[in-house]
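Student: Quick one: the structure is below, and I'll ask about it shortly.
Residue numbers (full-length UniProt numbering): 1 to 299.
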């Protein structure tokens, strides 16, 4: 089998297909130097796409990126709106789907990142689990949301527009606005969005799966629990995480990884998924793993 293509196009830029999801940096709230060191290690390893949000730690994670990114790093920062911080609440987030809230959230991201333009802004819809679902006045038509994001793009405050946690219908309706990427929960063992991935591939839209190993939400099936993945990992001398991530890269050329971790060792292992090769038989074995539905009763 050919080796994995190491770079791909995201928001009009060529970047490594092994990016980094910064949400887990909230776990290092009491050790800021360690968090900064982890980000610097990621950049040293070639990571040039980082996924973040102001609602990660109420600006804490964005502040880490502001301090860690140096002139010349050329890191594509992708942030998201659609929720706001809710410090002290039962869930540290509250929905923020209305157009005026999206605009305010973009301004929050600009301030906490310390930049005047965010290269890629993802709209986190609340259409599907895992996570919050929109209720009441937070049920907002995607056209109204895209209108304000298009205005912000025209104003130069954001660059490309992406979508997160969306249905196939919403993606189709959004295509005329120019969509750069889609972020949905998706992994080797949870492939309910295969039709959406195919549409993204046809429309030259990057597919950026969150929870690519199923580990961030209890409601998602875990890649490490799949016997075929464990067997392949043992046979080729890799971790189950590396097998799961490498399968995603092999599965479609528009996939970009944003696996998150607060461990430097795990960061290094995740990025090394770029080097994992499968022979035809191994890839067929992994392709045959059944997709297991999420437990949508859980958040």
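The beta carbon of each residue, even a glycine, is placed where N, CA and C say it ideally should be.
Residue 81 bridges to which residues according to DSSP?
Tutor: Locating residue 81 in the chain shown gives position 81, counting from the first residue. Residue 81 pairs with 123.
Student: Just the C-alpha distance for residue 138 and residue 203, rounded to the nearest angstrom, thanks.
Tutor: Here residue 138 corresponds to residue number 138 of the chain shown, with the count starting at 1. Here residue 203 corresponds to residue number 203 of the chain shown, with the count starting at 1. Near 29 Å, if we compare the C-alpha coordinates of residue 203 and residue 138.
Student: If I measure Cβ to Cβ from residue 95 and keep anything under 7 Å in the same chain, skipping five residues before and after, which residues do I get?
Tutor: As a working note, residue 95 is residue 95 in the chain shown. So the list reads 83, 126, 132, 134, 138, once near-sequence residues are dropped.
Student: Does the distance from the CB of residue 289 to the CB of residue 188 come in under 7 Å?
Tutor: Walking along the chain shown from the start, residue 289 turns up at place 289. Walking along the chain shown from the start, residue 188 turns up at place 188. A contact, by the Cβ cut-off of 7 Å.
Student: For residue 86, collect the residues of the same chain with a Cβ closer than 6 Å to its Cβ; drop the 5 residues on either side in sequence, then sort them by chain order.
Tutor: Along the chain shown, one-based indexing puts residue 86 at 86. The residues are 92, 93, 94.
Student: Kindly indicate which three-state DSSP category residue 181 falls into: helix, strand or coil?
Tutor: On the chain shown, position 181 is the one that residue 181 refers to. In the structure shown, residue 181 sits in a strand (DSSP, three-state: E or B).
Student: Of the choices 116, 50, 166, whose alpha-carbon is the least far from that of residue 24?
Tutor: In the chain shown, residue 24 corresponds to position 24, counting from 1. When only C-alpha atoms are compared, the closest one is 50.
Student: Going by the CB atoms, is the gap between residue 103 and residue 140 shorter than 7 Å?
Tutor: Mapped onto the chain shown, residue 140 falls at position 140. Mapped onto the chain shown, residue 103 falls at position 103. Contact flag unset, no.
Student: Helix, strand or coil, according to DSSP, for residue 291 in the structure here?
Tutor: Working through the chain shown from its first residue, we reach residue 291 at position 291. Coil.
Student: Helix, strand or coil for residue 47? Go by DSSP, reduced to three states.
Tutor: In the chain shown, counting from the first residue as 1, residue 47 sits at position 47. Reduced to three states, the DSSP call for residue 47 is coil.
Student: If I follow the unbroken beta strand (DSSP E) through residue 160, where does it start and stop?
Tutor: For the purposes of this step, residue 160 is taken as the residue at position 160 of the chain shown. Taken as a continuous stretch (DSSP letters only), the beta strand (DSSP E) holding residue 160 covers 158-164.
Student: By how many angstroms is the C-alpha of residue 241 removed from the C-alpha of residue 223?
Tutor: Taking the chain shown and counting its residues from 1, one reaches residue 223 at position 223. Taking the chain shown and counting its residues from 1, one reaches residue 241 at position 241. Their Cα atoms are separated by approximately 7 Å.
Student: Assuming the contact rule is C-beta atoms closer than 8 Å, residue 248 and residue 209 should be a hit. Round their C-beta distance to whole Å, please.
Tutor: Translated into positions along the chain shown, residue 248 becomes position 248. Translated into positions along the chain shown, residue 209 becomes position 209. Contact holds; Cβ gap of about 6 Å.
Student: Of the choices 292, 28, 285, 239, whose alpha-carbon is the least far from that of residue 266?
Tutor: Here residue 266 refers to the residue found at position 266 when the chain shown is read from its first residue. Looking at the Cα atoms, 239 is the closest of the given residues.
Student: Could you give the first and the last residue of the continuous beta strand (DSSP E) run that contains residue 16?
Tutor: Residue numbering aside, residue 16 sits at position 16 when the chain shown is read from its first letter. 13-16 is the span of the beta strand (DSSP E), which, as asked, contains residue 16.
Student: If you pair each beta-carbon of the region 253-263 with each one of the region 223-237, do three or more pairs fall below 8 Å?
Tutor: Too few Cβ pairs lie closer than 8 Å, so no.
Student: Might you give, ordered along the chain, the residues of its own chain that have their beta carbon closer than 7 Å to the beta carbon of residue 6, omitting 5 neighbours on each side?
Tutor: Mapped onto the chain shown, residue 6 falls at position 6. Taken in chain order, the residues that qualify are 16, 17, 274.
Student: Run through the region 46-75 for me and flag every whole alpha helix (DSSP H) of 4 or more residues, listed as ranges in chain order.
Tutor: If we require 4 residues or more, the alpha helix (DSSP H) runs fully inside the region 46-75 come out as 60-68.
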